[in-house]
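Have a look at this one:
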């Protein structure tokens, strides 16, 4: 049986998972694919700490060059994360004629063009199934299963931490601070959860989803990103009353000849399937022109789910290597009907608005007047009972409105003497 | 660019969809895969009726041998459905060295062993993505995306007609007869919907899902099959009260060293993601040991969804052909930890039971006595108010109980003088 050797860079949580699977499923995989996958070398800065998997000590090295310069290694598996030195290692490996598997969404999002170009030039493949949705085969599905489709939109719940926090707030009515503390206690949030909570991680994944659906790598700075840290339990409660759940969505959406790419908390109708995705689970909801509306759901993180995806990439590469197949073009055909990225000011959405007003006669008339001035028409309005000291929330749902008009209107409203807190606006999708 | 020629057998609804996609996406596909897919011949008994796609008349033939005997055709696409003559055509094509794409779940379920063996002997691949869940890439995901996984269970809503009927009954409180009539009016049910409603179509698809997860082709006669035609609107109403939805599920489930394969209406907790799958949509919920709990959702039927899947199979085969890859073993590794199929009598489930009793003192004691005699313990019991003429429904939820014990108990209960209708029992899953 043909042997194909791999080198693993990064012997952390996912790296250990990959080793475990390749050990435990060695004969199953060999039977299925007719290739014996051999771990030739595992490299990490720390090779002395005990791991939850046992490997022959001779496999371990602190020197990444033992992998990069080994001509017998056909595939490198990069699992150290972060931009540097992961980028240098991958570029060096490509230059040495190796294929690459990585779970590094931040790196691909920031430097994808450079890495994919280098791979294309060298006739090598970079596979990255674990970088979005862990074990959910979303990347393979978009690249291969939906190969003939064009896409009108993709909505992703792609950050488990944020989804856990929003689910807890929705289910238990707790505050954001309380929910994030619970997440930390359960190991679902990092000590500093900024990247997850503020939508950066979701945006990294959105870059990859946009690449696979629209064939272009969008720059992080061109993505509108808003996190969930300002979502209050009252917004969650009003959402429910109005028939919505709040989810942090990564959205790529074609509007005529423009593409919108954005990450923000979103009101989704409670009967939308994404609204039922709770806790640390991820789901990607795809609207395609041939296969229709599809959803892919699963755990968004974890050692074995991510390692399962990494191993499926390794398996695919063994088949490519056997066959001499070079497949980068599967990802990179630009949707030529898209002329430009739509700027945030031009986004059109329905909105949920919550305005905290002092309950005086005439205040609603003032607010309505300002909204009308900016051409914003209101689908529903609820003035809530007094909560404290004369301040009452006015909750509105708008019809479709241009972002810049909404912002201007709220700015003007927030300047009124009767307004005591910054008004809240959350985009509504899926209706 | 390399040209690969295909022959399409069956120019009906899906056949036209495949032709449409290959025409409209010709250059997109060529750019992505580096192969020019050429439709060399389309065969159908009827080549005169106008279709919703235009093809050169020289491509059409009534003689299937023009495809089977054409050495330039590398791939046949079988879209006529049914067992015969589809089986003969596929076997003949394999013998002539062609790869096969088919959407024919009935044929693969009935004759899969013979067809896959012939393909293996000839070193050819049979791909069948469109046979389960239309455009949902479930087959590719199980075969490739989850290649390293073992499976503890797979639950599928794989028949759109049945799911539409149950959804209508649940949402609108209508009767089965009313719901099936609505389905017919909307084109979601055939004139004779037996195959869909009685679970046969779901069982065909279950054979394929079981093959992909456990590596064995189960015989149709070994699948326990129960349809939805006896589900009443009152069962749906009680289900809701108890916190469940009723879904027709295709289930393959490993229990220690035995495999259960069954199709039946099932009580699913309302917060189970499958309970939110409404209308003609399909969803397959997979429990895997590495990637965890996954769900794949999308339209379960339709010209373009099915054709999208057929085209993805054709694309995969072009890559196999370019590379000389032969991949049947991806499907067929038996899970050796499974010793046998579990017989229906030995299934263990929680149950919903509805017993219609004449409201006399002591009747509940008699029923409870019989259940106790068979070791059936009750998790909850609700005796409903009188509906008519002294007959009241007693609704119970059991703890885990062996199927044969439950059946024996119900048989004895139904013989009591106080019981006026055959009792109803529906299995509960997902808790």
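Residue numbers (the numbering used here), protein chains in the order written: chain A, 737 to 1167; chain B, 737 to 1167.
Cβ atoms here follow ideal geometry from the backbone N, Cα and C, with glycine treated the same way.
Span separating the alpha-carbon of residue i from that of residue j
i: residue 1109 of chain B; j: residue 844 of chain B; result: 44 Å
i: residue 796 of chain B; j: residue 752 of chain A; result: 56 Å
i: residue 941 of chain A; j: residue 854 of chain A; result: 21 Å
i: residue 1112 of chain B; j: residue 1134 of chain A; result: 55 Å
i: residue 741 of chain B; j: residue 998 of chain A; result: 42 Å
i: residue 1036 of chain B; j: residue 898 of chain B; result: 11 Å
i: residue 1158 of chain B; j: residue 983 of chain B; result: 21 Å
i: residue 1043 of chain A; j: residue 754 of chain A; result: 5 Å
i: residue 991 of chain A; j: residue 889 of chain A; result: 9 Å
i: residue 778 of chain B; j: residue 767 of chain A; result: 37 Å
i: residue 1205 of chain A; j: residue 1002 of chain A; result: This structure cannot settle anything about residue 1205 of chain A, because the visible part of chain A is limited to 737 through 1167.
i: residue 1013 of chain A; j: residue 1103 of chain A; result: 36 Å
i: residue 1081 of chain B; j: residue 1137 of chain B; result: 11 Å
i: residue 1097 of chain A; j: residue 1117 of chain A; result: 17 Å
i: residue 926 of chain A; j: residue 764 of chain A; result: 36 Å
i: residue 947 of chain A; j: residue 1061 of chain A; result: 21 Å
i: residue 806 of chain B; j: residue 936 of chain B; result: 36 Å
i: residue 977 of chain B; j: residue 1006 of chain B; result: 10 Å
i: residue 988 of chain A; j: residue 1145 of chain A; result: 26 Å
i: residue 912 of chain A; j: residue 1019 of chain A; result: 22 Å
Residue i: contacting residues in chain B (beta-carbon distance under 8 Å)
i: residue 1041 of chain A; result: 1026, 1027, 1028
i: residue 1051 of chain A; result: 880, 883, 884
i: residue 1023 of chain A; result: None at all; the shortest Cβ gap to chain B is about 11 Å.
Residue from the options whose Cα sits closest to the Cα of residue i
i: residue 884 of chain A; options: B/1049, B/1064, B/1072; result: B/1049
i: residue 850 of chain B; options: B/954, B/817, B/815, B/975; result: B/954
i: residue 1107 of chain B; options: B/1087, B/1095, B/1126, B/1096; result: B/1087
i: residue 1011 of chain A; options: A/799, A/903, A/747, A/1127; result: A/903
i: residue 756 of chain A; options: A/1068, A/1039, A/983; result: A/1039
i: residue 924 of chain A; options: A/931, A/910, A/900, A/946; result: A/900
i: residue 747 of chain B; options: B/780, B/775, B/758, B/764; result: B/780
i: residue 960 of chain B; options: B/775, B/1052, B/1139, B/874; result: B/1139
i: residue 1085 of chain B; options: B/830, B/1163, B/1054, B/873; result: B/1163
i: residue 1131 of chain A; options: A/1143, A/1100, A/782, A/1154; result: A/1100
i: residue 800 of chain B; options: B/785, B/917, B/824; result: B/824
i: residue 809 of chain A; options: A/833, A/789, A/788; result: A/833
Whether residue i touches residue j by CB criterion (8 Å)
i: residue 852 of chain B; j: residue 1064 of chain B; result: yes
i: residue 723 of chain B; j: residue 814 of chain B; result: Residue 723 of chain B lies beyond the stretch modelled for chain B, which goes from 737 to 1167, so this question has no answer here.
i: residue 1016 of chain B; j: residue 887 of chain B; result: no
i: residue 993 of chain B; j: residue 1090 of chain B; result: no
i: residue 951 of chain B; j: residue 1071 of chain B; result: yes
i: residue 1092 of chain A; j: residue 1047 of chain A; result: no
i: residue 1069 of chain B; j: residue 985 of chain B; result: no
i: residue 771 of chain B; j: residue 798 of chain B; result: no
i: residue 830 of chain A; j: residue 860 of chain A; result: yes
i: residue 840 of chain A; j: residue 871 of chain A; result: no
i: residue 1074 of chain A; j: residue 995 of chain A; result: yes
i: residue 836 of chain A; j: residue 804 of chain A; result: no
In DSSP terms, what residue i is bridged to
i: residue 1001 of chain A; result: A/984
i: residue 1119 of chain B; result: B/1130
i: residue 1138 of chain A; result: A/1084
i: residue 1032 of chain A; result: A/1020, B/1032
i: residue 835 of chain B; result: B/811
i: residue 1168 of chain A; result: Since the first and last residues shown for chain A are 737 and 1167, residue 1168 of chain A lies out of range.
i: residue 771 of chain B; result: B/738
i: residue 796 of chain A; result: A/778
i: residue 994 of chain B; result: B/991, B/1076
Amino acids of chain B, ordered along the chain, whose beta-carbon sits closer than 7 Å to that of residue i
i: residue 888 of chain A; result: Under the 7 Å cutoff, chain B gives no residues; its nearest Cβ is about 14 Å from residue 888 of chain A.
i: residue 1032 of chain A; result: 1032
i: residue 761 of chain A; result: 884
i: residue 904 of chain A; result: Going along chain B, no residue has its Cβ under 7 Å from residue 904 of chain A, so there is no contact; the nearest lies around 15 Å.
Neighbour list for residue i in chain A, Cβ cutoff strictly below 9 Å
i: residue 808 of chain B; result: What residue 808 of chain B touches in chain A: nothing, since even the nearest Cβ is about 22 Å away.
i: residue 781 of chain B; result: Here the premise fails: no neighbours, minimum Cβ distance about 27 Å.
i: residue 876 of chain B; result: 873, 876, 877, 880, 881
i: residue 1059 of chain B; result: 1055, 1056, 1058, 1059, 1060, 1061
Any non-hydrogen atom of the ligand SAH closer than 7 Å to residue i Cβ
i: residue 1109 of chain B; result: The ligand SAH is not part of this structure, which contains no ligands at all.
Contacts that residue i makes with chain A (C-beta to C-beta distance below 8 Å)
i: residue 841 of chain B; result: Simply none; closest approach about 18 Å.
Interface partners of residue i on chain A, CB under 7 Å
i: residue 1182 of chain B; result: Because chain B is modelled from 737 through 1167, residue 1182 of chain B falls outside the range shown and cannot be assessed.
Test: residue i CB closer than 8 Å to a CB of chain E
i: residue 1126 of chain A; result: You won't find chain E in this structure, because its protein chains are A and B.
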